[in-house]
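Colleague: Heads up: the sequence lines are chains A and B, in that order.
As numbered in our numbering, the first sequence has no gaps in its residue numbers, which increase by one up to the final residue, 2012.
As numbered in our numbering, the second sequence has no gaps in its residue numbers, which increase by one up to the final residue, 2012.
Glycine included, every Cβ here is placed at the ideal spot set by N, Cα and C.
Protein chains: 2
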Amino acid sequence: MYGLTMEQPLLISSLIEFAARFHRDVEVISRNVDGSIHRCTWNEVARRSRRLARALLRLGVKEGDRVATIAWNNYRHLEIYFAVSGIGAVLHTINPRLAPDQLVYIVDHAEDVALFYDTSFAKLIDVVRTQSRGTVREYVPLTGEGYDALLEPESETFDWPQFDERTASSLCYTSGTEGEPKGVLYSHRSTVLHSLAIGGAGALGISGADVTLPVVPMFHVNAWGVPYAAAMVGGKLVLPGPGLDGPSLYELIEAERVTSLMGVPIVWFNLLNHLRSIGARLSTVQKVTVGGSAAPPTLIEAFEHEHGVRVIHAWGMTETSPLGTASILLPKHAALDAHAQLAIKAKQGRAVFGIDMRLVDDDGRVLDHDGKQTGHLQVRGPWVASGYFRRPQHESHVDGWFATGDIATIDPDGYMQITDRSKDVIKSGGEWISSIELERAGMACPGVAQAAAVGLAHPRWGERPLLVVVKAPGAAITTDAIRAHLVPLVPKWWLPDGIEFVESLPIGATGKVLKRKLREQFAGYTFASVSGPG
Amino acid sequence: MYGLTMEQPLLISSLIEFAARFHRDVEVISRNVDGSIHRCTWNEVARRSRRLARALLRLGVKEGDRVATIAWNNYRHLEIYFAVSGIGAVLHTINPRLAPDQLVYIVDHAEDVALFYDTSFAKLIDVVRTQSRGTVREYVPLTGEGYDALLEPESETFDWPQFDERTASSLCYTSGTEGEPKGVLYSHRSTVLHSLAIGGAGALGISGADVTLPVVPMFHVNAWGVPYAAAMVGGKLVLPGPGLDGPSLYELIEAERVTSLMGVPIVWFNLLNHLRSIGARLSTVQKVTVGGSAAPPTLIEAFEHEHGVRVIHAWGMTETSPLGTASILLPKHAALDAHAQLAIKAKQGRAVFGIDMRLVDDDGRVLDHDGKQTGHLQVRGPWVASGYFRRPQHESHVDGWFATGDIATIDPDGYMQITDRSKDVIKSGGEWISSIELERAGMACPGVAQAAAVGLAHPRWGERPLLVVVKAPGAAITTDAIRAHLVPLVPKWWLPDGIEFVESLPIGATGKVLKRKLREQFAGYTFASVSGPG
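Okay, structure coming up:
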């Protein structure tokens, strides 16, 4: 009697079949481990995904089984994305930059039954083979003799099984700097909803009009969901393989006329430095999504002024699939000057629908969105983790909210800005100093390439800030000059009581500065002079 | 043990609460029936929606009850959208352009328990009052004394009920030109998924960066879902009330700095003619979505060349929520000349993910997507109707597909192009002539403002085409000139055997030409000369 809308589960297999039916000739380009370029189409990705699905079933992979990958962004990895989830198994992407013991830990914890890997990681695979508990029955190198031979006997027709959209689809471990890695388990429903969300014009805005190059690795939060969204919208997809350095990226971007890039700040600094060194300009790129860690204003300005490229500053975490917020200007901001606009773009941005956010203080009281009060950022939504894989209830999941571990503000227009990680905030004389704002101020100083602020123990103030600086190539900047630069930019008692130059900052597996390492490195540091609060 | 992603139903109440939390100061502007402008914010819309929700419960409206509206696009109608669906009742939007007997039919069929109306429709309301079966317990005019007084005693805090996302949310009857109107029932799930889809950069691309003015009425397929999507993305929304003529729209567009418009071709022709007559140019608009009926290439060119506005040609139906396809160019099309690009933009476009399409011949065989074969277009997806409200199984719903009644092609890139309505196609000597292509060729003739092609009975060929033409103001075009213009554009046997001038074409309740009326008007027409197939 009630003719409601049709029933259709939101499944990952429907993404690749949609691409096969309606985007069949759109190209998927990838750079192989040997540097050669592989060209195929979405239809070919679909056909080979179906063959792999059959091969997985032949190997005895069952619904719910975990199938691991340690691989670059390339077409075979893309096929594995669709085939493993498509048959109802769980795609477990492993970050090869993890320490070997962590890697063995997660293979054992996930009880992976098969492992597909790029040959660049052969040594890591040996570690897994020899040190893991042996749940992995099949090790398949992504080569002609390995992977392609597995597909060889299989038909390219396959009816993907239909099941509940709340079935687990993929698994990604957070490379936590403390404690054991924690697994985040996504579902078909969460993945499809997230794909719809990131395609939004106010989010990453992925469309068929784009040529999309995700530099963010497919072993890191599903490459921010870009492979799924690209299949959904029928965009040309360019997968860079292992070539993430400036020259390799630039060559690929120009050759394939890429319009849309996604990645972490460090990758973009490397690309921009390369472009400056050869005097080149990005000729086809229209937008760059920057996430993973905060986009420094200097980065946003460099893309906009040197290359005419729009920057989308986005925020998310492994636990949020990852998209949480994206920073785009509202119509009313058109009247602001460039400086004021930049201040908005440098915020992490507005929540995308599906993500609810709130700020709470140390006692759990909910704070106003006034753009001034800082509090612990909590989120919830249909693509936010409710807990961790095979873990008892975790302290970060309380009352239906996920505590991100970030300290943030939210302004009346809804723009969220992260001022610190809870564990990185510098607690000095009972007040908080934002390490991120100190770093931003430091990086705005000419001659400074990178800066990291950490709180070091101090007998009177609890902690005092140290600023660790990497000079720009050839710059002759002094600590006095940096200090003088900071004076007008931050409160007086925030001024770092020490500034130290280093050759490079310690960077973790996901491209973030490891503050813990810096704190260890400078433990016992003696401050020259101290300007505490009050 | 499995910490999957969080459970959260996709509910319409979550859209307005999201807007209240994160887009609270973004403006919602509407023109009242008296021409005055009303300004409020999304937060105020949310607060008043909650008060209305309480008032509806006070009036005894229960989950599943139908609550009707006969109203323009304005803020009170927007509040009703969120409040009625939000409490689990069903929003039944009624098209005031329906014939009074049809209007009474659908009020009775839906068994509406309340009816909210703009005072412009007072006479229609009298008809309903006196002729309907009397299910309507409350008639509420959208005025201070009526609607606002209803909200007056209520608190603005309200906890929206949580329920299954597959609950019915709204109801819209198709104003079928034949037979009784058929009700399409949407769900919360279908509405939220559709909102995510239309926000896509490759679809209508609604974002917080836009100032959106839906000219498409809120009584017609939920204004294409724009009110929901605008709340989702936090865009400024401009609701034009009853002023849909060129001068009224132009004034509002400029005053509110509108960037994005949505509506049917006839509205745009009126606007463009007005702009030409006063020598004005749209100064803020960036894109116009054209749907409801095919966007003539002349319309696309006029927007692009005269106003620098990008046209998004979209297709959908009441049964498809409505978005089915949208036409945007692929990167590879950049190399084409303007003429070839226009030919692609004039197609109805590529399916948005969620919508599956296929072509079948008269015997139900599935046809290839080669861009040449024409067939009956069928669609399916989570926001496509599975049947009609309170109707037995309908012939248009078979094997999980909905038969659109359109004749179309789909090319290898996925672009669908409608060549005719099944019932409007001109069947001549066993072959099909596309009435739409004839019209498009006719409208490309200088001096022709509008053209409609219909098939009229012919003893030898079954049917032969008649082209009915409205001249452009002041044009001195002749039938011979039109015929000469058509010769190079269509196959010889397609050439209309009669061309007749009329003052205006009969337009239906949703802005489409009523071919049925034309066929009646010209029944018994004698063709001057006949050039049948072969």
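Hey, how far is the Cα of A/THR2004 from the Cα of A/ALA1922?
Modeller: Your numbering for residue 2004 of chain A matches position 526 in the first sequence. Your numbering for residue 1922 of chain A matches position 444 in the first sequence. When rounded, the distance between both Cα atoms is 26 angstroms.
Colleague: Whose C-beta lies closer than 7 angstroms to the C-beta of A/ALA1533 among residues of the same chain, with five residues either side of it excluded?
Modeller: To locate residue 1533 of chain A, count along the first sequence from 1; it is residue 55. These residues qualify, in order along the chain: LEU1628, LEU1629, GLU1632.
Colleague: Hey, B/LEU1671 and B/TRP1861 are a contact pair by Cβ (cut 8 angstroms); roughly how many whole angstroms apart?
Modeller: If you number the second sequence from 1, residue 1671 of chain B lands on position 193. If you number the second sequence from 1, residue 1861 of chain B lands on position 383. B/LEU1671 to B/TRP1861, Cβ: 6 angstroms. Contact.
Colleague: Round the Cβ separation of B/ILE1955 and B/GLY1976 to the nearest angstrom and send it over; I've been treating them as touching at under 8 angstroms.
Modeller: The residue labelled residue 1955 of chain B in the question sits at position 477 within the second sequence. The residue labelled residue 1976 of chain B in the question sits at position 498 within the second sequence. With 8 angstroms as the limit, B/ILE1955 and B/GLY1976 do not qualify as a contact, their Cβ atoms being about 16 angstroms apart.
Colleague: Taking Cβ positions only, does B/GLU1909 come closer than 9 angstroms to chain A?
Modeller: In the second sequence, the residue the question calls residue 1909 of chain B occupies position 431. No, B/GLU1909 lies away from the interface with chain A (no Cβ there is under 9 angstroms from its Cβ).
Colleague: Output yes if chain A places a C-beta closer than 9 angstroms to the C-beta of B/PHE1500; else output no.
Modeller: Within the second sequence, the letter at position 22 stands for residue 1500 of chain B. Yes, contact with chain A.
Colleague: Taking DSSP as the reference, what is the three-state secondary structure of A/LEU1715?
Modeller: Counting from 1 along the first sequence, the entry for residue 1715 of chain A is found at position 237. Strand.
Colleague: If I follow the unbroken beta strand (DSSP E) through B/LYS1949, where does it start and stop?
Modeller: Indexing the second sequence from 1 puts residue 1949 of chain B at position 471. Unbroken beta strand (DSSP E) run through B/LYS1949: 1940-1949.
Colleague: Kindly indicate which three-state DSSP category A/LEU1933 falls into: helix, strand or coil?
Modeller: On the first sequence, position 455 is the one that residue 1933 of chain A refers to. One detail in the question is off: residue 1933 of chain A reads as Gly in this sequence, not Leu. Note: A/GLY1933 maps to strand in three-state DSSP.
Colleague: Which of helix, strand or coil does DSSP assign to B/MET1479?
Modeller: What you label residue 1479 of chain B is simply residue 1 of the second sequence in a count that begins at 1. With a pLDDT of 45 at B/MET1479, under the threshold of 50, the modelled position of this residue cannot be trusted, and the question is left open.
Colleague: Exposed or buried, which one is B/LEU1814 when buried takes at least 16 other CB atoms within 10 Å?
Modeller: If you number the second sequence from 1, residue 1814 of chain B lands on position 336. With fewer than 16 other Cβ atoms within 10 Å, it is exposed.
Colleague: State yes or no: is the beta carbon of A/MET1795 nearer than 9 angstroms to at least one beta carbon in chain B?
Modeller: Here residue 1795 of chain A refers to the residue found at position 317 of the first sequence. No - not a single Cβ of chain B is within 9 angstroms of the one on A/MET1795.
Colleague: In its own chain, which residues sit with a C-beta less than 7 angstroms from the C-beta of A/VAL1582, not counting the 5 before and 5 after it?
Modeller: By 1-based counting over the first sequence, the position of residue 1582 of chain A is 104. If we look at A/VAL1582 and ignore the five residues flanking it on each side, its Cβ neighbours are VAL1605, VAL1606, GLN1609, SER1610.
Colleague: Could you tell me which residues DSSP pairs with A/GLY1893 in its beta bridges?
Modeller: Here residue 1893 of chain A is taken as the residue at index 415 of the first sequence, counted from 1. According to the sequence as given, residue 1893 of chain A is Tyr; it is not Gly. Per DSSP, A/ARG1828.
Colleague: State yes or no: is the C-beta of A/SER1598 within less than 9 angstroms of the C-beta of A/TYR1553?
Modeller: Within the first sequence, numbered from 1, the residue matching residue 1598 of chain A stands at position 120. Within the first sequence, numbered from 1, the residue matching residue 1553 of chain A stands at position 75. Result no, Cβ atoms of A/SER1598 and A/TYR1553 do not sit closer than 9 angstroms.
Colleague: Since A/MET1696 and A/HIS1501 are thought to touch, with beta carbons under 8 angstroms apart, how far apart are those beta carbons, to the nearest angstrom?
Modeller: Against the first sequence, residue 1696 of chain A aligns to sequence position 218. Against the first sequence, residue 1501 of chain A aligns to sequence position 23. In fact, because the Cβ distance is near 19 angstroms, the residues do not count as touching under 8 angstroms.
Colleague: With a threshold of 6 angstroms on Cβ separation, who are the neighbours of A/LYS1714 within its own chain once the five nearest residues in sequence on each side are excluded?
Modeller: Here the question's residue 1714 of chain A lines up with position 236 in the first sequence. Correct list, in chain order: VAL1504, GLU1505, VAL1689.
Colleague: Which same chain residues, not among the five before or five after A/GLN1871, have their C-beta less than 6 angstroms away from its C-beta?
Modeller: For the purposes of this step, residue 1871 of chain A is taken as residue 393 along the first sequence, with counting starting at 1. None.
Colleague: Taking the Cβ atom as the reference point for each residue, do A/GLY1770 and A/GLY1989 lie within a distance shorter than 9 angstroms?
Modeller: Counted from its first residue, the first sequence places residue 1770 of chain A at position 292. Counted from its first residue, the first sequence places residue 1989 of chain A at position 511. Yes.
Colleague: May I ask you to report which of helix, strand or coil DSSP gives B/THR1597?
Modeller: Here residue 1597 of chain B refers to the residue found at position 119 when the second sequence is read from its first residue. Three-state DSSP puts B/THR1597 in a helix.
Colleague: Looking at the secondary structure, which residues open and close the alpha helix (DSSP H) in which A/TYR1559 lies?
Modeller: Counted from its first residue, the first sequence places residue 1559 of chain A at position 81. Residues 1553-1564.
Colleague: Looking at B/GLN1895: is its Cβ nearer than 9 angstroms to the Cβ of B/ASP1902?
Modeller: Working through the second sequence from its first residue, we reach residue 1895 of chain B at position 417. Working through the second sequence from its first residue, we reach residue 1902 of chain B at position 424. Cβ distance not < 9 angstroms, so B/GLN1895 and B/ASP1902 don't count as in contact.
Colleague: Going by DSSP, what residue range makes up the alpha helix (DSSP H) through A/PHE1496?
Modeller: What you label residue 1496 of chain A is simply residue 18 of the first sequence in a count that begins at 1. It spans 1490-1500 - the alpha helix (DSSP H) in which A/PHE1496 sits, taken as one unbroken run.
Colleague: Does the distance from the C-beta atom of B/ALA1929 to that of B/LEU1916 stay below 9 angstroms?
Modeller: Counting from 1 along the second sequence, the entry for residue 1929 of chain B is found at position 451. Counting from 1 along the second sequence, the entry for residue 1916 of chain B is found at position 438. Yes, the pair counts as a contact, with Cβ atoms nearer than the cut-off.
Colleague: If you draw a straight line from the alpha carbon of A/PRO1578 to that of A/VAL1585, how long is it in whole angstroms?
Modeller: On the first sequence, residue 1578 of chain A is found 100 positions in, with the first residue counted as 1. On the first sequence, residue 1585 of chain A is found 107 positions in, with the first residue counted as 1. Their Cα atoms are separated by approximately 11 angstroms.
Colleague: Kindly say whether B/MET1479, judged by its beta-carbon, lies nearer than 9 angstroms to any beta-carbon of chain A.
Modeller: By one-based count along the second sequence, residue 1479 of chain B stands at place 1. For B/MET1479, the pLDDT reaches just 45, beneath the cut-off of 50, and the residue's location in the model is therefore unreliable, leaving the point undetermined.
Colleague: If you measure between the beta carbons of B/MET1740 and B/THR1767, is that distance less than 9 angstroms?
Modeller: Locating residue 1740 of chain B in the second sequence gives position 262, counting from the first residue. Locating residue 1767 of chain B in the second sequence gives position 289, counting from the first residue. In contact: B/MET1740 and B/THR1767 (Cβ atoms closer than 9 angstroms).
Colleague: What residue does the beta strand (DSSP E) around B/PRO1619 start on, and which one ends it?
Modeller: Within the second sequence, numbered from 1, the residue matching residue 1619 of chain B stands at position 141. That run of the beta strand (DSSP E) goes 1616-1619.
Colleague: Taking the Cβ atom as the reference point for each residue, do A/THR1803 and A/GLY1827 lie within a distance shorter than 9 angstroms?
Modeller: Taking the first residue of the first sequence as 1, we reach residue 1803 of chain A at position 325. Taking the first residue of the first sequence as 1, we reach residue 1827 of chain A at position 349. Yes, they are a contact pair.
Colleague: Output needed for A/VAL1699: all residues of its chain with C-beta closer than 6 angstroms, excluding positions within five of it in sequence on either side, in chain order.
Modeller: By 1-based counting over the first sequence, the position of residue 1699 of chain A is 221. Result list for A/VAL1699: CYS1650, THR1796, PRO1800, in chain order.
Colleague: Name, in chain order, the residues that DSSP records as bridge partners for A/GLN1928.
Modeller: Looking up residue 1928 of chain A in the first sequence gives position 450. Answer is A/VAL1948.
Colleague: What is the residue span of the alpha helix (DSSP H) that B/ASP1586 lies within?
Modeller: As a first step, residue 1586 of chain B is located in the second sequence; it is residue number 108 there, counting from the start. Residues 1578-1588.
Colleague: Check whether the segment 1555-1567 of chain A and the segment 1635-1645 of chain A touch, using three or more Cβ-Cβ pairs below 8 angstroms as the test.
Modeller: Result yes; three or more Cβ-Cβ pairs closer than 8 angstroms.
Colleague: Using 8 angstroms for Cβ pairs, my map puts B/LEU1945 next to B/PHE2000. What's the rounded Cβ distance?
Modeller: Position 467 of the second sequence, counted from the first residue, corresponds to residue 1945 of chain B. Position 522 of the second sequence, counted from the first residue, corresponds to residue 2000 of chain B. About 11 angstroms separates the two Cβ atoms, so there is no contact after all.
Colleague: What's the gap between the Cα of A/TYR1617 and the Cα of A/ARG1899?
Modeller: Here residue 1617 of chain A is taken as the residue at index 139 of the first sequence, counted from 1. Here residue 1899 of chain A is taken as the residue at index 421 of the first sequence, counted from 1. Rounded to whole angstroms, A/TYR1617 to A/ARG1899 spans 38 angstroms at the Cα level.
Colleague: Check for me: the beta strand (DSSP E) holding B/ALA1804 runs from which residue to which?
Modeller: To locate residue 1804 of chain B, count along the second sequence from 1; it is residue 326. Here the beta strand (DSSP E) through B/ALA1804 covers 1801-1805.
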